[in-house]
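Some notes on the structure that comes next.
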Amino acid sequence: MSLPSLRLKANAERRLRAGHLWVYSNEVDVAATPLSLFQPGDQAILEMAGGKPLGIVAISPQNLICARLISRDVKHPLDKSLLVHRLNVALSLRERLFDAPCYRLVYGDSDLLPGLVVDRFGDHLVVQLASAAMERHKDAVVEALVQVLKPAGILFKNDSSARDAEGLQRYVETAFGVVPEWVSLEENGVKFEAPVQGGQKTGWFYDHRLNRARLAPYVKGKRVLDLFSYVGGWGVQAAVFGASEVMCVDGSALALDGVERNAALNGVGEKMACVEGDVFEALKELKAAEERFDVIVADPPAFIKRKKDLKNGEAAYRRLNEQAMRLLNKDGILVSASCSMHLPEDDLQNILLSSARHLDRHIQLLERGGQGPDHPVHPAINETRYIKSLTCRILPS
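Per this note's numbering: the sequence shown = residues 17 to 413.
Here it is as structure tokens:
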């Protein structure tokens with residue numbers, strides 16, 4: 017396979033040789049190798065200014081991140097063979113970590129498969145292709161997954177905004193076999209069904225698995241409020257872990273149908289109550305009704321999707337956590353989570369501190385959590401670390 021060259025400016029290779037995988041458009045010697053000559057998804061041999069090859073990249077010529085390193089060996093382009101190898105490497109980690117085949121199998125750059133996410137639900141796989149290169153090789157992705165895992169069905173859940181930057185259309189379609197509307201999974205010994213066809217992202221959020229497991233000692237015999245509950249990942253587990261009562265709040269009727277469905281699966285339906293509507297409005301109504309809870313979980317969607325959202329997003333996190341603190345009993349536990357990559361953990365901690373002080377409360381930070389090991393962090397790429405979960409005790413001053 018003969019590939020064209022993409023040449024870097026002098027010294028632009030330092031970050032890549034130190035471990036990074038991304039090439040920015042201002043690092044390319046466009047006089048020698050114009051980006052305009054490439055189509056989205058093309059592969060090329062990345063070269064230093066002097067012509068020495070650094071590996072093979074997949075190109076997105078219109079983007080600031082104009083290329084991503086696929087392989088540091090120029091003999092191994094993105095094809096079915098490379099996909100099978102990388103899938104086997106990724107699978108070996110997950111099989112070491114988890115007894116049940118329920119996990120994120122592929123996490124993009126961290127598994128050296130940029131633009132590819134695969135979540136496994138037993139015999140069913142949900143795949144997200146976020147790059148033109150992966151979209152171009154989607155048949156090879158399916159063939160490789162079938163060879164490595166022999167699934168009953170593969171669903172392409174390609175409806176995320178990440179595809180827009182690559183000029184890719186959004187769609188959801190079954191790529192192989194049969195995939196039902198809801199698929200089964202197990203997490204922390206608790207049974208669930210996830211709405212992979214019509215739900216959020218891939219249908220489930222494996223990234224908080226270990227943080228949800230940490231709930232167990234805090235919720236026994238306690239009244240729990242689960243905000244932005246989705247299908248009950250936190251709330252149903254709290255009920256199974258021994259909570260006396262759990263209230264789940266979400267704006268989606270489909271999500272709350274999932275809560276009831278998953279509560280019934282685990283025999284805890286009588287402990288659950290669901291409130292459909294805007295979470296911030298629900299918090300106001302609960303305060304007005306003088307409701308109180310022993311444990312509150314606040315795990316919202318990303319309030320900060322881009323850097324320009326930072327100020328408004330931080331204000332939203334402050335408002336959410338402050339309103340939650342107002343509903344806690346005197347010796348209450350708040351689990352405050354964020355999936356906003358642009359919000360560092362220290363900033364979330366400061367938001368919690370300022371919220372507590374505004375209410376004249378004393379706050380103790382008990383536990384810090386991040387994403388599970390099936391979402392490995394690439395140490396050169398901060399963007400691969402996005403989950404924060406802080407377990408706090410809120411006391412009178």
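Here a beta-carbon is modelled for each residue, glycine too, at the ideal position from N, C-alpha and C. Owing to the predicted nature of the structure, the values given are computational and were not obtained by experimental measurement.
Take the Cβ of residue i as the centre, count every other Cβ of all protein chains shown within 10 Å, and call the residue buried at 16 or more, exposed below.
i	result
residue 266	buried
residue 23	buried
residue 102	buried
residue 187	exposed
residue 235	buried
residue 63	buried
residue 377	buried
residue 190	exposed
residue 179	buried
residue 317	exposed
residue 371	buried
State the Cα-Cα distance for the pair residue i and residue j, rounded to the nearest angstrom.
i	j	result
residue 246	residue 99	32 Å
residue 150	residue 157	8 Å
residue 137	residue 143	11 Å
residue 410	residue 29	49 Å
residue 271	residue 48	52 Å
residue 126	residue 269	34 Å
residue 422	residue 412	It is not possible to answer for residue 422, since the shown part of the chain is limited to 17 through 413.
residue 82	residue 321	20 Å
residue 362	residue 229	23 Å
residue 214	residue 197	7 Å
residue 388	residue 114	11 Å
residue 356	residue 195	30 Å
residue 353	residue 276	23 Å
residue 390	residue 299	33 Å
Within the same chain, show all residues whose beta-carbon is closer than 8 Å to that of residue i, passing over the 5 residues directly before and after it, in chain order.
i	result
residue 79	41, 181 and 182
Quick one: residues in its chain with C-beta nearer than 6 Å to the C-beta of residue i, no 5 flanking neighbours on either side, listed in chain order?
i	result
residue 281	207
residue 380	409
residue 139	167 and 168
residue 345	308 and 310
Which residues in the same chain have their Cβ closer than 7 Å to the Cβ of residue i, if we skip the five residues on either side of it in sequence?
i	result
residue 104	164
residue 399	357
residue 406	352, 364, 365, 368, 381 and 384
residue 36	396 and 397
Segment contact, 8 Å Cβ cut-off, at least three pairs: the region 233–250 with the region 309–321: yes
Uninterrupted beta strand (DSSP E) stretches inside the region 45–85 (no shorter than 3 residues): With a minimum length of 3 residues, the continuous beta strand (DSSP E) runs that stay inside the region 45–85 are 59–63 and 69–75.
Validate contact between the region 84–93 and the region 58–76 using beta carbons, cut 8 Å, 3 pairs: yes
Unbroken stretches of the beta strand (DSSP E), 3 residues or longer, contained in the region 256–319: 261–266, 288–292 and 309–314
Unbroken stretches of the beta strand (DSSP E), 3 residues or longer, contained in the region 143–184: 169–174
Complete runs of the beta strand (DSSP E) confined to the region 177–261 [at least 3 residues]: Segments of the beta strand (DSSP E) lying fully in the region 177–261: 187–193, 199–203, 206–210 and 239–243.
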